[in-house]
Amino acid sequence: MRAVAVLLVVLDHARIGPFHGGFVGVDVFFVISGFLITGLLIGEAQRTHRISLVGFYARRAKRIIPAATLVLAVTAVASYVLLNGITAVRLLKDSVWATFFAANIKFARDETDYWAQDAATSPIQHYWSLAVEEQFYLVWPVVVLLLVWLFRRHGRDRRAIVVTIAVISLASFAYGVRLTGTEPLAAYFSTPARAWELGLGAGVAAALVRVGRLPAALLAAASWAGLVMVGAAAVLFTEGTRVPGVAALLPVVGTALLLGGGVAAASWGPQRLLSVAPMRWVGDRSYSYYLWHWPALILVAAVWRTPSGWSGLLVAAGALVLSDLSYRFVENPFRTATFFKPQLRGIALYPASVALLGLVLWSAHHQVVSDLNDPEPAITTTNFGQENGEEVDFSDDPAVAIVEASVLAAENGQPIPHPLKPDALSLVETDDPVAADLGGCEYFGIPDPMPLCPLGDPDGDKTMVLVGDSHMRHWIPALDKIARQQGYRAYYFVLQGCTPALVQPITPRTDAPDEDCTFFHEWTHEQIVDLRPDLVLMSTDTQFEYVDEQGRRTKDNQEIASLIEQGMVDRIEATRPHAGRIVVIGDVPRLKFDPEVITERGATLEDGLSAPQARSMQMRRAVKAAVDATGVDYVDPKRWFCAYDKCPVVVGDYITHRDRGHMTLEYGRSLAGPLARALGLG
């Protein structure tokens, strides 16, 4: 069964065959793990009338830590060699969380963090499931110990233990279903939401004696039904299937039926098929295979292409070879070594692992920082890699001229300036916020009540209102400075993912129409009516899916552009009677690639230069059409990001973007003067 679980996961991740729901192999692993561990604990209690927690954790350490440590260390070194500096640093930070069995917490935060969703997939993201298991097993042996002690004391049998496990599992299942419905990304990585899967395996183990008394034919039929359920989930589920909600019952209950049915099934059950030598061989190596396959796939995708089909099969086969080597020379020797038979020596494997990984991760991080800190001069209009005597007729506007010089410097293959503002590695490792401060008025999640926070010049005699999504928010460092200088009380009505256009996006957080955005449209309009601001500023990005006028979901870019255009017209017309002046700031041109390309080993400015993304320009044109139709003022920021139809990641000594679409706070602050002049406020 372990072979079935790991093969389903690998086939899914390597994009081989129709197993788009192969991720349910993780659910299968959870049920098996709960079954085996609980069976061992109850068996120990029956034999010795006690449960040794020290012995349990020593066995667990010998089983889990050596191979997990090896894969983390090798992946860290490989990432330093193969990946760019920012991605390598992100991997090293993830590895710290994985070292302390908290990777699921880190990845849940990243997946639900709007500002981290453009980050590349971590080569160790699969460690989340290991973290879930180990967090569960910090508590579960104590629970089993208490149950055994309590029910033996009162003369009760296993039935009471089974009932108690069932109650705990049902509570976890209910929580998982609820969380999956509201925060599916958070639920996926949640230990409390997953505990019922381990609990169901535990319940089967506790009820095994009674299950074994059932007719062999019934057990064989249940086993086949379970295998079909797991297979059906692997084929029918997709990335959009929400687990660990109700859908997870199919593979989880199927696995439980396979486990329970295997106690005394008839000879025609599937157990003989699952016990053939190749399946046993893969099953023995399933843990190592699970650990190796994911970093192999992600690293190959980073340096070549995303494996799929035959290339996926090739990478999967290579990972299997690594798994066999680590099983034979690391995993198995540590588990069986007589040196670690004293329980305290077994437990000591964990602090030894932490120390070893700490040294490896620190060394790799130190080397990445050293590689990216060779001093180089900033780009200027007199230093852009020109040939001797070459003169260029730059713009009279200094903010535009430096962009032009930066494009030429990139075309000339100039080295990347250091230090940069912000430092390149700060895009992942800084403790500073990645989004402008809203002064306590953070509207993400729609708090109740919705607060108002006058910023800018709180005592100003004029009022400025900002309305938009995160692409309005990244202008706040510049606009707050302008507001303070010009005596504007400023209100920042910004909500990530919610365009000011009167349209409804599909939010990726729940893969459903964004009701928060609809509410935010209504609420911001009410505030504008009450405040009657002297100046309203709007700016917007676009999501990749919206609800059209017929209430259907659409991903078609032309349809979305039309929706945005009409939605902006509707918003401007609704706002016009209540505002002195309306200005739309065009969207910042989106990059075709992540700005972290400038941290590749040997990268030059040319590596960070390209034309703006075509879809971004299409949506900018839709917004401009709405401006032209309504006659409001428009500021086009493209000149501060692109010249000669090319956009550099580095302008002067500033990094312009923190990801493909969002401006860095530092570059935004530097544009306060040019933006003020463009608004007629400077």
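Quick note on numbering: the sequence shown equals residues 5 to 686 in the working numbering.
Even glycine gets a Cβ: it sits at the ideal position worked out from N, Cα and C.
Proximity to residue i [Cα-Cα], best of the options
{"i": "V498", "options": "H529, T634, R513 and L95", "result": "H529"}
{"i": "V234", "options": "A9, C502 and M454", "result": "A9"}
{"i": "I46", "options": "V166, D31, V100 and M5", "result": "V166"}
{"i": "L253", "options": "W200, L295 and Y294", "result": "W200"}
{"i": "E415", "options": "W153, L154 and A647", "result": "A647"}
{"i": "N387", "options": "D657, D114, L11 and R332", "result": "D657"}
{"i": "F1", "options": "V540, A341, W298 and R557", "result": "As displayed, the chain neither begins before 5 nor continues past 686, which places residue 1 out of reach and without an answer."}
{"i": "Y671", "options": "P481, A220, Y447 and E395", "result": "P481"}
{"i": "D534", "options": "P581, E115, V551 and T511", "result": "P581"}
{"i": "A92", "options": "G180, S176, A220 and A428", "result": "A428"}
{"i": "G555", "options": "I510, I576 and E115", "result": "I510"}
{"i": "V540", "options": "Y550, I576 and D552", "result": "I576"}
{"i": "G443", "options": "S430, L431, G460 and L376", "result": "G460"}
{"i": "V655", "options": "D400, P355 and L412", "result": "L412"}
{"i": "A615", "options": "T668, T660 and D649", "result": "D649"}
{"i": "V471", "options": "T514, F524 and I420", "result": "F524"}
{"i": "A323", "options": "P346, N336 and V286", "result": "V286"}
{"i": "G362", "options": "P248, D400, A102 and S290", "result": "A102"}
{"i": "D637", "options": "P145, V85 and S543", "result": "S543"}
{"i": "V573", "options": "V358, T503 and Y550", "result": "T503"}
{"i": "A321", "options": "R332, V334, G216 and W298", "result": "W298"}
Close-in-space but distant-in-sequence residues of the same chain around residue i (CB under 8 Å, 5 per side omitted)
{"i": "R19", "result": "T310, P311, S312, G313 and G316"}
{"i": "D16", "result": "F23, H24, G25, G26, F27, G29 and A238"}
{"i": "I36", "result": "M5, R6, A9, G205, T259 and L263"}
{"i": "Q531", "result": "L456, V469, Y495 and F497"}
Alpha carbon of residue i to alpha carbon of residue j, nearest angstrom
{"i": "N373", "j": "A382", "result": "Sequence check: residue 373 is Val here, not Asn. So the alpha carbons of these two residues sit roughly 19 Å apart."}
{"i": "A695", "j": "A72", "result": "Here the chain has residues from 5 to 686 only, and residue 695 is not among them."}
{"i": "A80", "j": "Y141", "result": "27 Å"}
{"i": "R246", "j": "T42", "result": "27 Å"}
{"i": "Q622", "j": "C445", "result": "32 Å"}
{"i": "L708", "j": "A269", "result": "The chain is shown from 5 up to 686; residue 708 falls before or after that span and cannot be answered."}
{"i": "G491", "j": "H478", "result": "21 Å"}
{"i": "A236", "j": "S227", "result": "14 Å"}
{"i": "E694", "j": "F34", "result": "Residue coverage of the chain in this structure runs from 5 to 686, which leaves residue 694 outside it and unanswerable."}
{"i": "G273", "j": "G264", "result": "12 Å"}
{"i": "V653", "j": "R94", "result": "20 Å"}
{"i": "S271", "j": "V208", "result": "21 Å"}
{"i": "L231", "j": "P517", "result": "36 Å"}
{"i": "V631", "j": "E569", "result": "9 Å"}
{"i": "L151", "j": "Y61", "result": "19 Å"}
{"i": "H370", "j": "D98", "result": "16 Å"}
{"i": "L483", "j": "A680", "result": "8 Å"}
{"i": "W308", "j": "A440", "result": "36 Å"}
{"i": "V100", "j": "C651", "result": "35 Å"}
{"i": "L278", "j": "A178", "result": "32 Å"}
{"i": "D463", "j": "L431", "result": "35 Å"}
{"i": "D378", "j": "Q418", "result": "14 Å"}
{"i": "G635", "j": "A578", "result": "14 Å"}
{"i": "A77", "j": "I68", "result": "15 Å"}
{"i": "I128", "j": "V396", "result": "48 Å"}
{"i": "S410", "j": "I420", "result": "11 Å"}
{"i": "Q489", "j": "V639", "result": "20 Å"}
{"i": "D304", "j": "V319", "result": "Note that residue 304 is Val in the sequence shown, not Asp. Near 8 Å, if we compare the C-alpha coordinates of V319 and V304."}
{"i": "V325", "j": "R276", "result": "26 Å"}
Contact test: residue i Cβ vs the ligand COA heavy atom, cutoff 7 Å
{"i": "A164", "result": "For the ligand COA, the structure offers nothing, since it holds no ligand at all."}
Beta-carbon proximity list for residue i, same chain, < 7 Å, skipping 5 on both sides
{"i": "R64", "result": "Y141"}
{"i": "C295", "result": "The amino acid occupying residue 295 in the given sequence is Leu; Cys does not appear at that position. A71, A72 and V75, listed in sequence order."}
{"i": "K66", "result": "F338, R339, F344, G350 and L353"}
{"i": "T168", "result": "L151"}
{"i": "L365", "result": "A80, L96, S99 and V100"}
{"i": "A676", "result": "A482, K485 and I486"}
{"i": "P255", "result": "V28, D31, V32, M233, V234 and A237"}
{"i": "A629", "result": "E569"}
Spatial neighbours of residue i in its chain, beta-carbon cut-off 6 Å, leaving aside the 5 residues before and after
{"i": "T522", "result": "Q508"}
{"i": "A112", "result": "A190 and F193"}
{"i": "G21", "result": "L15"}
* Determine contact between the stretch 126-140 and the stretch 98-112, defined as no fewer than three beta-carbon pairs at a distance below 8 Å. => In this structure the stretch 126-140 lies against the stretch 98-112, because at least three pairs of beta carbons, one per stretch, are closer than 8 Å.
* **Segment contact, 8 Å Cβ cut-off, at least three pairs: the stretch 580-596 with the stretch 553-568** => As far as the Cβ criterion goes, the stretch 580-596 does not touch the stretch 553-568, which means the pair count is below three.
* Asked: Which runs of the beta strand (DSSP E) fall wholly inside the stretch 579-630 and span at least 3 residues, in chain order?
  -> Listed in chain order, the complete beta strand (DSSP E) runs (minimum 3 residues) inside the stretch 579-630 are 585-589.
* Is the number of C-beta pairs between the stretch 594-607 and the stretch 657-669 that are closer than 8 Å three or more? -> Touching, yes, given that three or more Cβ pairs across the two stretches are closer than 8 Å.
* Does the count of Cβ pairs from the stretch 401-420 and the stretch 633-650 closer than 8 Å reach three? -> Counting Cβ pairs under 8 Å, three or more are found: they touch.
* **Continuous alpha helix (DSSP H) assignments of at least 4 residues falling wholly in the stretch 218-279** => Every alpha helix (DSSP H) of 4 residues or more that sits fully in the stretch 218-279 is shown, in chain order, as 220-240, 253-265 and 275-278.
* Every unbroken beta strand (DSSP E) inside the stretch 441-506 [3 residues or more] -> Runs of the beta strand (DSSP E) lying entirely within the stretch 441-506, each at least 3 residues long, are 466-472 and 492-498 in chain order.
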